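In what follows, a single structure is set out as structure tokens and then discussed.
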Amino acid sequence: MSIIIDTDICTGCKRCIPACPYDALAMEGKKAVRTPACTGCGACLDACKYSAISLAGGQGRIKMDITGFSGIYVFIETLGGAISEGSLEILGKARELADSDAASRKTSRVTAVLPGHALDRMPEELIALGADHVIIIDDPRLAVYRTDYYTRVITDVIREKMPEIILFGATPLGRDLAPRIANRIKTGLTADCTGLSLCSKDGILLQTRPAFGGNIMATIVCPDNRPQMATVRPGVMRRAKRDSNRIGTTETMALTLGKKDDLIRHVEVVENTKDAIDFEDARIIIAGGRGIKGPEGFELLGKLAAALGARIGATRAAVEAGWISRAHQIGQTGKTVRPDLYIACGVSGSIQHMAGVMGAGRIIAVNSDRNAPICEMADETYVGDLFSILPELTREITERKTTAA
52 MSIIIDTDIC TGCKRCIPAC PYDALAMEGK KAVRTPACTG CGACLDACKY
102 SAISLAGGQG RIKMDITGFS GIYVFIETLG GAISEGSLEI LGKARELADS
152 DAASRKTSRV TAVLPGHALD RMPEELIALG ADHVIIIDDP RLAVYRTDYY
202 TRVITDVIRE KMPEIILFGA TPLGRDLAPR IANRIKTGLT ADCTGLSLCS
252 KDGILLQTRP AFGGNIMATI VCPDNRPQMA TVRPGVMRRA KRDSNRIGTT
302 ETMALTLGKK DDLIRHVEVV ENTKDAIDFE DARIIIAGGR GIKGPEGFEL
352 LGKLAAALGA RIGATRAAVE AGWISRAHQI GQTGKTVRPD LYIACGVSGS
402 IQHMAGVMGA GRIIAVNSDR NAPICEMADE TYVGDLFSIL PELTREITER
452 KTTAA
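By the count of this note's numbering, the sequence shown reaches residue 456 at its end, each step adding exactly one.
Given below as structure tokens:
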């Protein structure tokens, strides 16, 4: 599909030229023309106030009626009978958006969508942490995540309730579920967001995420379809403060399945515990990068981590070099962490890696290159040979702990 420019109507105002994201429009004489780079995306249609541009076939830019949609909804993921920390972080962000100056009637109410089984006091907890309303779908068939069941029930919620925005965690479950729902209801989805805000002009959701290999941060919008959908990386938002005096409402919905929604046979659940690294409650993380130079460098980090009671992280470069398992990887393609203290040893500080540590309370860099990007981002930087610094630091910490005991 491509655009058609009516040269009899075109005034040569050039408003359409910057509107094209592909630089596919140009001027010939005093008229706008399309070039072979045109993809037919339709971004230029609204820019032309003279209606001189249309899509071949006469469809124009396809828009849905979005007037009846309202509310910010959060999909609540449960793990082992408890609400996941990532879901609570997103709920906190939803509360922040709803309370912001940019919020409107469409985005002032937060609803938590809670599927599962034996949910006990979870609705009460969700209200205390920011939800105005909780939709409960309690069914034994939802006790263990199944793509077909969860897709059906959340799609039913969206079609009945018509949320303006719905947010999911960018977890393995969320990354499986959200795209299926977006495809089923024919709306857009922005994956792995690290920032969310509402536009001060029209209240539309501004969804920020790394793009082009993490080299830039892109802000993405979904202007023509609803709900606006996004998955959010765990660890980049903060949960709201618990308020046991908050008052909210609840309602119950049922899981209704059709023949096409029961095509998977669930056999068993096998928990993957091999090399599992839990960074969620880590107060101190020590990470190694390419400057560690090999597995022996991570042995030094291990001794320091033992002295500090810290966990060990790594950059993608160190993991791909085979120096440490992928379970330790932190960054855009690894885990997002939020420790009180992050010690980066031999880490250059690429955008891709730093996207995973933006929530750290304090960053200390140990690097031989004083011009490395990490040195500008760190709260403190120690320039020198880390193979000399780390053993000395480990020895001093161990001695202080021994003296204190």
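Ideal Cβ placement from N, Cα and C applies to all residues, glycine included. Quantities reported herein were computed from a predicted structural model and do not represent experimental measurements.
For residue 106, the secondary structure class from DSSP, reduced to helix, strand or coil, is strand.
For the pair residue 226 and residue 317, the CB atoms are not nearer than the 9 Å cut-off.
DSSP places residue 82 in the strand class (E or B) of the three-state scheme. The residue from 339, 392 and 405 with its alpha-carbon nearest to that of residue 377 is 339. Residue pairing by DSSP places residue 413 opposite 392 in a beta bridge. Inter-residue distance for residue 276 and residue 57 is about 28 Å (C-alpha atoms, whole angstroms). Residue 146 places its beta carbon 9 Å or farther from that of residue 121. Here residue 135 is buried, its C-beta having at least 16 other C-beta atoms within 10 Å.
Look at residue 118 here: in three-state DSSP terms it is coil, with no helix or strand label.
Annotation for residue 443: the continuous alpha helix (DSSP H) segment containing it runs 437–455.
Burial is judged here by how many other beta carbons sit within 10 angstroms of a residue's own beta carbon; residue 59 has fewer than 16 and is exposed. Looking at the DSSP output, residue 320 bridges to nothing. Distance from the Cα of residue 232 is smallest, within the candidate group 254, 278, 255 and 253, for 278.
For residue 404, no beta strand (DSSP E) encloses it; the enclosing alpha helix (DSSP H) starts and ends at 402–405. Annotated three-state conformation of residue 161 is strand, per DSSP. Contact check for residue 127 against residue 165 passes: the beta carbons are separated by less than 9 Å. By the criterion of a C-beta distance shorter than 6 Å, residue 95 is surrounded in its chain by 67, 70, 71 and 104, once the five residues flanking it on both sides are discounted. Note: residue 241 is bridge-paired with 281 in the DSSP secondary-structure output.
If you draw a 10 Å sphere on the C-beta of residue 281, you find 16 or more other C-beta atoms in it, and that means buried.
Taken atom to atom, the span from the alpha-carbon of residue 106 to that of residue 91 is near 7 Å.
Membership of residue 376 in any beta strand (DSSP E) is not indicated, and neither H nor E is assigned to it by DSSP.
By the Cβ test, the region 424–432 is not in contact with the region 441–454, since fewer than three Cβ pairs between them sit closer than 8 Å. For residue 413, the closest of 397, 335 and 352 by C-alpha to C-alpha distance is 335. Leaving aside the five residues that flank residue 238 on each side, the residues in its chain whose CB is nearer than 7 Å to its CB run, in chain order, 273, 276, 277, 278 and 280.
Secondary structure note for residue 202: its alpha helix (DSSP H) is the uninterrupted segment 198–212.
Straight across, the Cα-Cα distance linking residue 81 with residue 101 is about 15 Å. Secondary structure at residue 418: strand, using DSSP grouped into helix, strand and coil. With a beta-carbon spacing of about 17 Å, residue 178 and residue 148 fall beyond the 8 Å limit used to define contacts.
Exposed is the label assigned to residue 314, since fewer than 16 other Cβ atoms lie within 10 Å of its Cβ.
With distances taken between CA atoms, residue 306 lies nearest to 189 out of 189, 138 and 119.
Restricting attention to 169, 173 and 154, the CA atom closest to the CA of residue 163 is found in 173. Beta-bridge partners assigned by DSSP to residue 247: 258.
When the beta-carbon positions are compared, residue 137 and residue 285 come within less than 9 Å of each other. Spatial neighbours of residue 117 in its own chain (CB-CB distance under 6 Å, excluding positions within 5 residues in sequence) are listed in chain order as 277. Sequence-distant partners of residue 333 (beyond 5 residues in either direction) whose C-beta falls short of 6 Å from its own C-beta, in its chain, are 362 and 390.
Residue state for residue 236 is assigned as helix, using DSSP reduced to three classes.
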